[in-house]
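Residue numbers for the sequence shown, in the working numbering: 34 to 453.
Notes for the one structure printed next.
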Amino acid sequence: MRIALENAELSYMRWNALYSPRHKLLYVPTPKVACTSLKWWFATLLDIPRDRFDGMESAESDPELVIHDVLYRFAPEATCVDPDVLARCIGDDEVFRFAMVRNPYQRIFSAWQSKLLVHEPQQSKQYRDCAFFGMPMETPGDIALGFEGFLEHLASSSPPVFGDPHWTPQADLLRPDLVPYTCVAQIECKEPLLAGLQAHLRSDATNPFGGSRANESLLHYSPQFFTKRAEALTRQLYAADFDHFGYSTALPDARGSMTDAELDIALRAVKLIRGRHERIAQMMASRAADNDATVEQQLREQVASLEGQVRELKAAYAQLEEGNRWQETQCAAWEKRCGILGAEFADLRGFAAEQAKAIEWHETQSAAWEKHAGILEAEIADLRGFAAEQAKAVEWHATERARLESKVGDSDTKLRGDNE
34 MRIALENAEL SYMRWNALYS PRHKLLYVPT PKVACTSLKW WFATLLDIPR DRFDGMESAE
94 SDPELVIHDV LYRFAPEATC VDPDVLARCI GDDEVFRFAM VRNPYQRIFS AWQSKLLVHE
154 PQQSKQYRDC AFFGMPMETP GDIALGFEGF LEHLASSSPP VFGDPHWTPQ ADLLRPDLVP
214 YTCVAQIECK EPLLAGLQAH LRSDATNPFG GSRANESLLH YSPQFFTKRA EALTRQLYAA
274 DFDHFGYSTA LPDARGSMTD AELDIALRAV KLIRGRHERI AQMMASRAAD NDATVEQQLR
334 EQVASLEGQV RELKAAYAQL EEGNRWQETQ CAAWEKRCGI LGAEFADLRG FAAEQAKAIE
394 WHETQSAAWE KHAGILEAEI ADLRGFAAEQ AKAVEWHATE RARLESKVGD SDTKLRGDNE
């Protein structure tokens, strides 16, 4: 259901449904089916007093219709319902979901006469170039032919492109095949809806249709305004409405007949209202043109200002680019220098490793030399001892020799004395 609300299937409900969390009430308006009265009633239910709408800016030409443009400003949470909330409402049995429908013949005639017959400024914009739009409306026959021309226009494409919810089939707007409504009431038989609202709202329940009728039609529906072709086109265009909502395809009778005098007054009123609406449309177009000129001038000034800002930004960008190029050059030089230093560092590491090995070798040699020196010192000490002993021996031999020589001398002297 959440996906359907985002897609075309339920897009109308997504943007037009009214929801009151406090009352657990969901209403899907159907254009030209008492939706103006029901929206005023819903605003009252939301505790929004009617006088708050006075003086509010709106594109509508009738004060009664201001509710359509303005309600969202006072109750955004009720008129712009979050898709997730709306999806839960559709599946929640505690929420009272309702809509109203109308006989397709009466609804489409009411929509045409209230929007296009009287050249309503807002709704008629896209139809001003259509042949039926400018047809004179002096007699009931003119009304019938103009209405037929409008239906021909709707049926001229296959499938029909309605382009406006006021004449879009009710089944396409409400999608009763997807949405489990608590009540879809025919406006011709309101009692089931009133009973359902009374049971659901209890003390908050009031009659939505108790006051004067809002958005009253100038020309009421009458079979005399339907040519045979218009009747066939209505059955063709709104076949789903006849089928879904149980309406007979036969033309319904009028609720009351208009006298020739009343009809003549209504036709004169149509002419007057057409003129007034044309003037309003001209004023709106003129105002729009003035607004366009003002907006164009403002846009020109904004463009000039933006162009100046763009020039400044381009100059700043050029400086940044120059700075970036300098930085890139420096980075390249630094990278090259880093490469050189890296190579030198690698050489130093190799040299340090060699020096470490040399130091280790020298330490080993030093230990060996120290050991050898110890040995030599011991040998020297031994030699010194031996030398001392030899010196003593030499001294003894010298003494002995001297003694012996003395003794020999004495002996020689004695021998010589004896020989003499």
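We treat Cβ as the ideally placed atom computed from N, Cα and C, and that holds for glycine.
In chain order, what are the residue ranges of uninterrupted alpha helix (DSSP H) at least 4 long that sit wholly in the segment 264 to 324?
272 to 278
Given this structure, state the Cα-to-Cα distance separating H152 from S250, to the nearest angstrom.
The count along the sequence shown starts at 1 and reaches residue 152 at position 119. The count along the sequence shown starts at 1 and reaches residue 250 at position 217. In a straight line, the C-alpha of H152 is about 14 Å away from that of S250.
Would you call the segment 202 to 222 and the segment 56 to 65 touching, i.e. three or more CB-CB distances under 8 Å?
yes
Name the DSSP bridge partner or partners of C216?
Residue mapping note: residue 216 aligns to position 183 of the sequence shown, counting from 1. F131, per the DSSP bridge assignment.
Which residues in the same chain have their Cβ closer than 7 Å to the Cβ of D175, if we skip the five residues on either side of it in sequence?
Residue 175 sits at position 142 when you count from the first residue of the sequence shown. Excluding residues within five positions, the ones whose Cβ falls inside 7 Å are M168, P169.
Are the segment 221 to 238 and the segment 147 to 163 touching, with three or more C-beta to C-beta distances below 8 Å?
no
Return the first residue and the last residue of the beta strand (DSSP E) that A254 is part of.
Mapped onto the sequence shown, residue 254 falls at position 221. The amino acid at residue 254 is misidentified as Ala; the sequence shows Tyr. First-last for Y254: undefined, no H or E at that position.
Just to confirm, are L266 and F258 a CB contact at a threshold of 9 Å?
Start at 1 with the first residue of the sequence shown, and residue 266 comes out as number 233. Start at 1 with the first residue of the sequence shown, and residue 258 comes out as number 225. Taking 9 Å as the Cβ cut-off, L266 and F258 do not qualify as a contacting pair.
For the alpha helix (DSSP H) containing L119, name the first residue and the last one.
Working through the sequence shown from its first residue, we reach residue 119 at position 86. Looking at the DSSP string, the run of the alpha helix (DSSP H) that includes L119 is 116 to 124.
Taking the alpha carbon of N49 as the reference point, which residue from A132, L178, R83, P285 has its own alpha carbon closest?
The count along the sequence shown starts at 1 and reaches residue 49 at position 16. N49 has its Cα closest to that of A132, out of A132, L178, R83, P285.
Check S250 in the structure and name its three-state DSSP category.
Start at 1 with the first residue of the sequence shown, and residue 250 comes out as number 217. Three-state DSSP puts S250 in coil, outside helix and strand.
Where L51 sits in the DSSP three-state scheme:
Counted from its first residue, the sequence shown places residue 51 at position 18. L51: strand per DSSP, three-state reduction.
Considering only C-alpha positions, which residue in the set S190, H277, E264, H405 is nearest to G139?
Along the sequence shown, one-based indexing puts residue 139 at 106. The sequence as given places Gln at residue 139; Gly does not occur at that position. Cα-wise, what sits closest to Q139 is E264.
L59 in three-state terms, based on DSSP
Along the sequence shown, read from residue 1 onward, the residue named residue 59 stands at position 26. Here L59 sits in strand by DSSP.
If L38 and A76 are in contact, beta carbons under 8 Å, what's the gap, nearest whole angstrom?
Within the sequence shown, the letter at position 5 stands for residue 38. Within the sequence shown, the letter at position 43 stands for residue 76. About 24 Å; that fails the 8 Å criterion.
Tell me whether the beta-carbon of R268 lies closer than 9 Å to the beta-carbon of F278.
By 1-based counting over the sequence shown, the position of residue 268 is 235. By 1-based counting over the sequence shown, the position of residue 278 is 245. It is not a contact, given that the beta carbons lie outside the stated cut-off.
7 Å CB neighbourhood of F165 in its chain, flanking five on each side removed:
Indexing the sequence shown from 1 puts residue 165 at position 132. Excluding sequence neighbours, F165 sits near G179, G182, F183, H186.
Quick check on the DSSP output: the alpha helix (DSSP H) that includes Y105 runs from which residue to which?
Numbered from its first residue, the sequence shown carries residue 105 at position 72. Unbroken alpha helix (DSSP H) run through Y105: 99 to 107.
H56 and L234 look like a contact to me (Cβ under 8 Å); what is the Cβ gap, rounded to whole Å?
By 1-based counting over the sequence shown, the position of residue 56 is 23. By 1-based counting over the sequence shown, the position of residue 234 is 201. With a Cβ gap of about 6 Å, H56 and L234 count as contacting.
For P198, the nearest candidate out of C68, L374, A411 (CA to CA):
In the sequence shown, the residue the question calls residue 198 occupies position 165. That would be C68, whose Cα lies nearest to the Cα of P198.
Determine, using beta carbons only, whether E110 and P173 come nearer to each other than 9 Å.
As a first step, residue 110 must be located in the sequence shown, where it is residue number 77. As a first step, residue 173 must be located in the sequence shown, where it is residue number 140. No, the pair does not count as a contact, with Cβ atoms beyond the cut-off.
Is L51 buried or exposed, if buried means 16 or more other CB atoms sit within 10 Å of its CB?
On the sequence shown, residue 51 is found 18 positions in, with the first residue counted as 1. Classification for L51: buried.
Taking C-beta to C-beta, are M291 and A299 nearer than 9 Å?
As a position in the sequence shown, residue 291 is number 258, starting the count at 1. As a position in the sequence shown, residue 299 is number 266, starting the count at 1. In this structure, A299 lies closer than 9 Å to M291 by Cβ.
Could you please give the first and the last residue of the uninterrupted alpha helix (DSSP H) stretch that includes P173?
The residue you call residue 173 lines up with position 140 of the sequence shown. Here the alpha helix (DSSP H) through P173 covers 173 to 188.
Alpha carbon to alpha carbon, what distance is there between G407 and N433?
Numbered from 1 along the sequence shown, position 400 holds the residue referred to as residue 433. Numbered from 1 along the sequence shown, position 374 holds the residue referred to as residue 407. The displayed chain sequence assigns Glu, not Asn, to residue 433. For E433 and G407, the distance between alpha carbons rounds to 38 Å.
For R47 and P116, believed in contact at Cβ under 8 Å, the rounded distance
One-based indexing of the sequence shown puts residue 116 at position 83. One-based indexing of the sequence shown puts residue 47 at position 14. With 8 Å as the limit, P116 and R47 qualify as a contact, their Cβ atoms being about 6 Å apart.
What is the DSSP secondary structure of P154, counted as helix, strand or coil?
Reading the sequence shown from its first residue, position 121 is the one you call residue 154. DSSP places P154 in coil when its eight states are reduced to three.
Is the beta carbon of T260 closer than 9 Å to that of V128?
In the sequence shown, residue 128 corresponds to position 95, counting from 1. In the sequence shown, residue 260 corresponds to position 227, counting from 1. The answer is no: Cβ separation not under 9 Å.
Just the C-alpha distance for E221 and R288, rounded to the nearest angstrom, thanks.
Numbered from its first residue, the sequence shown carries residue 221 at position 188. Numbered from its first residue, the sequence shown carries residue 288 at position 255. Cα-Cα distance, rounded: 11 Å.
Do the CB positions of S70 and F242 come within less than 9 Å of each other?
Working through the sequence shown from its first residue, we reach residue 70 at position 37. Working through the sequence shown from its first residue, we reach residue 242 at position 209. Yes, these two residues count as a Cβ contact at 9 Å.
Would you kindly work out how many angstroms separate the C-alpha atoms of K369 and T397, rounded to a whole number?
Working through the sequence shown from its first residue, we reach residue 369 at position 336. Working through the sequence shown from its first residue, we reach residue 397 at position 364. Approximately 42 Å, taken between the alpha carbons.
Buried or exposed (CB count within 10 angstroms, at least 16 for buried), C122
As a working mapping, residue 122 is identified with position 89 in the sequence shown. Flag for C122 reads buried.
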